[in-house]
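Numbering (the UniProt record's numbering), first residue to last: 1 to 248.
Here's what the structure looks like:
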């Protein structure tokens with residue numbers, strides 16, 4: 001018995017073209033979907049980093065505000081100390097003790113760098129599309145580094161200042177000046193001595209050396225307070241830019 005096999009009917013060109021277009025569309029859509037997913041993930045990471053930088057900036061702004069208040073007081077006291085050293089009066093040693101000790105306090109700005117560090121370590125800067133934001137962040141970081149260098153110089157000058165103090169002032173008097181009930185930090189950390197306690201030495205050469213060291217500290221603090229004001233201004237400007245561009 002003869003068996004008849006069905007003939008294979010070749011596809012038309014139009015059907016091949018349709019299948020190709022459908023396959024191409026599927027691959028293309030998959031490619032775009034993956035790209036969109038990656039873009040969304042990276043955008044989320046970018047916004048997360050920026051949010052932490054925003055928090056860092058708020059911490060910096062508040063820290064600078066506090067330090068500025070401290071330095072305003074220190075600079076006034078330094079002016080008075082320099083005047084007393086320039087015109088030494090043995091009946092004003094209580095003021096000398098108080099001002100010399102108060103001006104030896106170290107108080108510095110400490111940069112909040114959590115977000116900035118994450119941006120660097122995780123390659124977060126490449127996620128930021130707006131080049132103006134990148135430049136502003138980098139400029140701020142550079143100014144922070146300059147400020148920290150100036151603070152290091154202040155620290156060295158204060159060490160020299162403190163060393164010279166030990167040749168002039170009685171440590172027992174300094175110990176008695178500590179205010180155990182201090183509530184205002186730098187402002188009332190030390191008590192002014194009663195009477196006019198004697199200096200260990202008050203020869204002109206030694207007093208002049210101390211005056212010069214006090215002047216170095218004072219001049220450096222004037223530069224530092226100016227730098228801190230500019231840094232605070234830059235921090236506020238950068239934060240305003242981030243809030244405007246990232247809508248938070």
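Backbone N, C-alpha and C fix where the C-beta goes; we use that ideal spot for every residue, glycine too.
> If you check the beta carbons only, do residue 55 and residue 114 fall under 9 Å apart?
Replying inline: yes
>> Can you tell me whether residue 77 is buried or exposed? The criterion is at least 16 other CB atoms within 10 Å of its CB, across all chains shown.
In response: buried
> For residue 96, which of 231, 193 and 128 has the nearest alpha-carbon?
Replying inline: 193
>> Taking its Cβ as the centre, do 16 or more other Cβ atoms sit within 10 Å of residue 153, making it buried, or is it exposed?
In response: exposed
>> Quick check: what's the CA-CA separation for residue 211 versus residue 138?
In response: 39 Å
> From what residue to what residue does the alpha helix (DSSP H) around residue 175 run?
Replying inline: 171-176
>> So, at 7 Å on beta carbons, what are the nonlocal neighbours of residue 199 in its own chain, with the 5 sequence-adjacent residues on each side left out?
In response: 93, 168 and 169
>> If I follow the unbroken alpha helix (DSSP H) through residue 152, where does it start and stop?
In response: 131-165
> Which stretch, first to last residue, makes up the alpha helix (DSSP H) that contains residue 115?
Replying inline: 114-121
> Where does residue 71 sit, in a helix, a strand or coil, going by DSSP?
Replying inline: helix
>> Here's the rule I'm using: 16 or more other beta-carbon atoms within 10 Å means buried, otherwise exposed. How should residue 213 be labelled?
In response: buried
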